[in-house]
Structures are given as structure tokens and as C-alpha cells.
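Written out below as C-alpha cells is the structure these notes cover.
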Amino acid sequence: MQSTAHDFKDNVGTALADPNLQDSLAKLKVGFSERRRQAAERLPEFEALRDRARDIKNHALANLDFYLEEFERKVIALGGHVHWAPTADDARRIIGDLCKSVGARTVAKSKSMVAEEIALNEHLEALGIAPIETDLGEYIIQLRHEPPSHIIAPAVHLTKDQVADTFFEHHAPLGFTKRLTERNDLVAEARHVLRQKFLDADVGLTGANFLVAETGSSMLVTNEGNADLSNTLPKMHIVLASIEKVIPTLEDAAVLLRVLARSATGQESSAYTTLNTGPKREGDLDGPSAYHVVLLDNGRSSVLGTKMQDMLRCIRCGACMNHCPVYGAIGGHAYGWVYPGPIGAVLTPQLIGVEEAGDLPNASTFCGRCESVCPVRIPLPSLMRHWREREFERHLTPRAVRQGLALWSWLARRPRLYRWTTQIANRLLSTFGRAEGRYRSLPLAGGWTRFRDFPAPPAGGTFHAQWARHGGARVRP
Amino acid sequence: MSAADRPSPPRRVALFVTCLVDLFRPAVGFAAVKLLEDAGCTVEIPPLQVCCGQPAYNSGDRASTRAIAAQVIDAFEGFEAVVAPSGSCGGMLAHHYPGLFDDDPAMKARAENLARRSYELMSFLVDVLGVDKVTARYDGIATYHDSCSGLRELGVKEQPRRLLRSVQGLRLKEMQTPEVCCGFGGTFCVKYPEISNAMVGEKSADIAATEADTLLAGDLGCLMNMAGKLQREGKRVRVRHVAEVLADMGGQAAIGEPEAKR
């Protein structure tokens, strides 16, 4: 997908002015966080499980080569194939070749953020192969030619009315000529349209929530069951997953599943949890005859062993964005690429470059709500700060910010001069603001006074001046 | 646990005034001094203190942050406790300083030592000194905003509310989402003013919905941001730092309001 992360500030303006988006975000902010809170409260060991989940992922990352090779051995022993894709381009080529090898005309896709990351749909279309999104949200945005705005709820930026319009427009030629308005009717219509597409698909492509090294299984959770149709009906099943998805054992998967659904949607468990372990075996009634796993690196391995490694623990639950007040204000599209919210602010600069995505780790108040809900305890604010340090080192920070900062820190390191300067500032601000108690506009503070008044300090001088005047004794002004 | 159960709590306390309180709201500093003295502490104000360094730290300027942190570590050497009327600055000292000196074991040890002695004011009063009530009066309905760093880095949540319950005439009324960020975020609010405005706009609506006449919090940055928005929208809510009310200094002009003519 073409990034617009460098246009972040423009994207923000567009997002804030979009009433449909703001309606949708208002619901998201309350709904997801409240359901997660209740789910966490119902499980006394939830906090301890978060620790275990963190430890499992840390262990897997510390031994990533071992577990990936173990996973590969198991898949091959089961009769499947593993393909290593160092770059997005490699992954696209591998998948395109696999589809061509069976003469595929359509590919039934279950939701996959990694497929978004490598812009798979565009590639397949260029090869004359039609990708069909089977997750309801992905299906909706595919019809609208939009990217996902959330990693687990790709169409969360849309209102029900917008979905009704989209279905009416695209389904009418298929004979569905009534504009539906009820949620259940819309879902039923989409199911009807999608069912035939499942049956027609030559290849099924799914992502993976976890790759289990001990069994060679790929594990997938959905609430719609679409992944199960994608991977059982077509003759070829391709699993596309990034390398950090591998975990040692099924036991580990059980721990991660317990925190995943609760963190994501507040469910105790997603409706469907599917393990795919190799192709169809003798005597199996259904399943794909060919089973391929494409393992994507795309820059992830370069993070291993660095301070940024923690970002690879992410299990893509979406809790960080559900709880982020910045995401809640601007939605996912403003971030300009595949992964929005706090995890996007950390991953995107790694995957497409900090020059392109430098705004993302800066657009945070460091309120820390993301870290407080992350099921694998990724220190998201610290990682964002780390990007800011990289930007500062490489002189990517805007010049005005750098100069202001340089002046301020020069002053802050000279306490006596600082004291003198603040006394003057205090006197000016209190004198000219005395009548109103505040300023409606203030030179050099336009960013502040455009939207809010600026409080003036009361008369009497700075705290330190008053303290010194009274000889350090306690005073009550 | 009450104060009596503890092995002699710190009595010689340094106040970290913070740069915003120094410049914009000295009353908060005096309120902090009074609260600490009423709890039996001797309060000193080391004269060479300036800022904790967060503007540089959060802008990625690690070298300046280290230089400023070293200065703060020097300024507060030897005090049993360092108390800030701010969760943000308190959190900087208590959680972030040691990590700045990973390559300098001697400074790291000093930073860790300071970190162990650093507290946010409400948490110090209640958790360390065992204060559970104050002598103060404030007539009104107040709502309390949990500032992010205090809440999530230092666990400040119940302490201010417990003390506020002992203030005569005061009734507390909670917002729907007191724990959601107000959109201040230091330099964030001027670097991304539109996002910040959306966040503080929502906060302002949440505050107004409580029908409280007073907004309290423990961090001046957040308070100035919320006061500025409430006033721009013409909402008549008085905004004060919680320490002012607890120190019985709630009679003076609120943040952003003109002082009474003398």
C-alpha cells in the first residue's frame, strides 16, 4: 500500500473534519475499552497471564532461528512447503507464482495484515487474479477501495449507513436491489454473496495469529468462520505470516489465546480458533491438497537484539489503538499506512523508514494507556521515544523545534540566568494578562491560543522570587 | 498502613517546585510547602533546581536531557525525600533518570538513588507520611482528572480523593473517563494542536457533564490546558491544583481568572 504517512498533518485535518468517522470513533472509544475492562476483571489471573504471554514471546524471539527452523521441519514432514521471503517483493513473487502454478483465477482471502503490508491484492490483480476478501470488514473496504483503518476491525471507520450504501451500489447488479438498513440483513446479504465466491476460489490465503513450532501448525482466530472456508474449500492453502509469529508449543498458544481475545474484543475466546496442520491427509473428507507457508521478514530480523525488539512481541490484538486517545481522535487512516495507533507508530518507521513516518512516533502525549493494556506489555511510549531520539540524531526533527529546544536547554543548564529570564517572563505575562487573567492570543504561542486561552500568572513574581524575598520562610500569598 | 507502622518517615524534604509552578502558579508551591509542614516535615527548596528535562527527553534530545538530569541530581543530593507537586515531573525523576545513564555506572547509581527518594506530592503525603485528612474548607462540587504520568507511572489515584473527602463543604463528582488524557502532552499540544484540541474538547465536555463547578488535578500542565479550553468555550468551571484546595488556599483566583481588585 502506498504510504501517506508523510502527509500525517493533512490526514489529521481530513479525519477531524469527517463527521461519519467521528461518529464511528465515538462508539469505538467507549465500546472496546469497556468490554476489555470487564473481560480482564472477570479473570483474576489476567495480569499474571500478561506476564506469561510477555515471557513466552520474549523466549521465542530470543530463539527465533531455532523455532522457525523447527516449524519448517514439522511443516515439511506433514507434506507442506515453507517459503522464506526476506522482502515484501519476495513474498509477492512467491505467492503470485504459487497461484499461477495452479492456474488460479480467484483467491479467497481471510483477513491478513501482512497481506496488506506487502500490498498483495494489487499484485494479484496485476497478474489477472481476483483476490476476494472474505472477512466482512475487509470485504466492505475492498468494495470501497479503501485500506483498513484498524488491525482487527478494518471497517470500523464506517457507519452502518455507509455500509448500506456500499452494498446497495455493489450488490444491485447481482440482483439484490433493495437497500438494506438492518445490521443482520446486511450481514446475511454479504454471506450470500460471499458463499459462491468461496466455492469458486482456486486458492485460499490466510494469515496466522501464531505459528506453533512443535506441531508445525498455523493458528488463526476469527469471529466469522471465514478463514475456515478459505482454508478448507480451495485446493491450495497458502499461509502468509511474518517471522515473529512463531511460538514454541501449543501450551504457549493457549496462554496467548487467553489474553488475545480479552484484550481485543473483550471476548473470553474468539468464535473460531483454527489450527491448520499440513495438507489434507489420506482419509480426510476435506481440506487443501497443497499447503504452503510463506514466512515474511521485511526488516523484522534487523530489530532482533536491539532496544526495539520489544515491538516484535505484538500479537495484533488492537488494544493499544482501542485505548489511544490520539487514535480515538483521528482514526486509523490518518496514520497513512497499514498499521495505525501506538503499535503503528512504532512499527511503521521500522518497516517503511523513519523519514517517511517520522510524525507517527511524535504524535503521542505519552499518556501510557496503550502500555497499560498491552497483553504482552510492550513499552510503547519508550519505543516511540526511541524513534524520536533516532530522528533527533539524524536531524530529521523540524528545524523550529530543534532551535527552540536548543535555546531552552541552553537556558535550563544555567540556573541563575534561567531564574532571571523566568522572572521577566512572569512579570510580563502577569502584567499584561492582569485584567482578564488570561490571553486569547499570544505571540509565539499560536499553536496553543488557536484553540484555548492561555492562563496568565498572578502578580507577585515566580515561586522562587517570592521564596527568596521571604528569606525562605513559609509565606501564604 | 498508618504512619505509626513505618520506620520513621523522611522529615527533611526537598520540594521540586517544577518549572510550570514556578512560572505560572506559585501558589501551588506554597500549598505544597504548607501540606508538607503540616505533616511534620521540614521543607527546603534547593535554589539551583530548574526543570526535570522532559521537554528535551520527549523530543529525543538525550544529550541535553542527561546534562539537565545531572544538574537535578546534584541539586537534590542529600535530602531524604524529593517531592514534586506533579506526577509528570515526579515520574521523570522516579522512573526515567536511571535509564539515561546506562553507560555511566557512577551516575546511574546516583540517578537510582534519587529515583528511590523521589515522590509525587499526593502519594508522598498519603502513602509515605500516612496523612489521611486535612483541615480545609472549600464550598463546591469538584471533579478530579487523573493526570497520566501520576496515574500510570506512580499509581496516584485514590490518594488525592481520600484527602479531598476530608475537605469541608466539598463534594466530589467523577467524570465518565477521568483516566483519559486531556491532550496536553508537553510540546505535543503545540506540535499537533488539532489533535490536542480534539482531545481537550472531549475532556471539557466530560467535565461539563458532571456539572461540577471546580476541576482539580495534580499536574499544572494538564490544568492549564483544560482551563484554557473550558474558558475558550465559555464554561464556568474553576480550575485549581488539588494542593491549593487541600492546603485551604482555595480562595484565591482560579487558573486563568483575574485576581480580585484590591
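Going line by line, the protein sequences match chains A and B. Just so you know, we're using this note's numbering here: the first sequence kicks off at -9 and counts up by one. Just so you know, we're using this note's numbering here: the second sequence kicks off at 1064 and counts up by one. Glycine residues also receive a C-beta, built at the ideal position from the N, C-alpha and C atoms.
Per DSSP, the unbroken alpha helix (DSSP H) holding M311(A) starts and ends at 309 to 312. Setting aside the 5 residues that flank it on each side, H160(A) is surrounded in the same chain by L133, each with a C-beta closer than 8 Å to its C-beta; the list follows chain order. Residue state for G1232(B) is assigned as strand, using DSSP reduced to three classes. Under the 10 Å beta carbon count, R40(A) is surrounded by 16 or more other beta carbons and is classified as buried. The bridge partners DSSP lists for K99(A) are E123(A), L195(A).
For F1093(B), DSSP assigns no beta-bridge partner whatsoever. Among the residues facing chain B, H(-4)(A) is not included, as its CB has no counterpart in that chain under 9 Å away. In this structure, T263(A) sits near L210(A), with a CB-CB distance shorter than 9 Å. Between the C-alpha atoms of I228(A) and R32(A) there is a straight-line separation of about 37 Å.
With contacts defined by Cβ atoms closer than 9 Å, I1204(B) and D1276(B) form a contacting pair. For Y281(A), the enclosing beta strand (DSSP E) has its first and last residue at 280 to 286. According to the DSSP secondary-structure assignment, V229(A) is paired through a beta bridge with T196(A), V283(A). Looking only at M1155(B), S1210(B), A1095(B), K1171(B), the smallest Cα-Cα distance to N1121(B) is reached by M1155(B).
The DSSP-derived three-state label of S399(A) is helix. Note that the stretch 275 to 288 of chain A touches the stretch 72 to 83 of chain A; at least 3 beta-carbon pairs, one per stretch, sit closer than 8 Å.
T355(A) has a beta carbon lying within less than 9 Å of a beta carbon in chain B. Under the Cβ distance rule, M1287(B) counts among the residues neighbouring chain A, one pair being separated by less than 9 Å. Going by C-alpha positions, S1212(B) is about 15 Å away from F1251(B).
Around the Cβ of T167(A), a 10 Å sphere holds fewer than 16 other Cβ atoms; the residue is exposed.
At least one beta carbon of chain B lies nearer than 9 Å to the beta carbon of Q456(A).
Distance between G451(A) and Q413(A), taken at the CA atoms: about 6 Å.
In the three-state reduction of the DSSP assignment, E1274(B) falls in the coil class. For D1202(B), the uninterrupted beta strand (DSSP E) segment begins and ends at 1200 to 1207.
When Cβ-Cβ separations below 9 Å define contact, W327(A) makes no contact with chain B. Around R380(A), the same chain offers V344 as residues with beta carbons nearer than 7 Å, after the five sequence neighbours per side are excluded. Residues of chain B with a Cβ closer than 8 Å to the Cβ of W398(A) are, in chain order, P1118, A1119. By the neighbour-count criterion, in which 16 or more other beta carbons inside 10 Å mark a residue as buried, P433(A) falls on the exposed side.
The C-alpha of D1165(B) is placed about 27 Å away from the C-alpha of Q393(A). For T264(A), there is no enclosing alpha helix (DSSP H); the residue is found in the beta strand (DSSP E) stretching over 262 to 266. Nearest CB-CB separation between D443(A) and chain B: below the 9 Å threshold. The count of Cβ pairs closer than 8 Å, one atom from the stretch 1110 to 1120 of chain B and one from the stretch 1134 to 1154 of chain B, reaches three, so the stretches are in contact. Minimum Cα-Cα distance from L1286(B) among the listed residues A1094(B), F1187(B), V1084(B), P1073(B) corresponds to V1084(B). For F1093(B), at least one C-beta of chain A is nearer than 9 Å to its own C-beta. About 5 Å separates the beta carbons of Q1222(B) and S1186(B), which is inside the 8 Å limit, making them a contact pair.
Cα atoms of H113(A) and E106(A): separation of roughly 11 Å, rounded to the nearest angstrom. By the CB criterion at 9 Å, R359(A) and C304(A) fall outside the cutoff.
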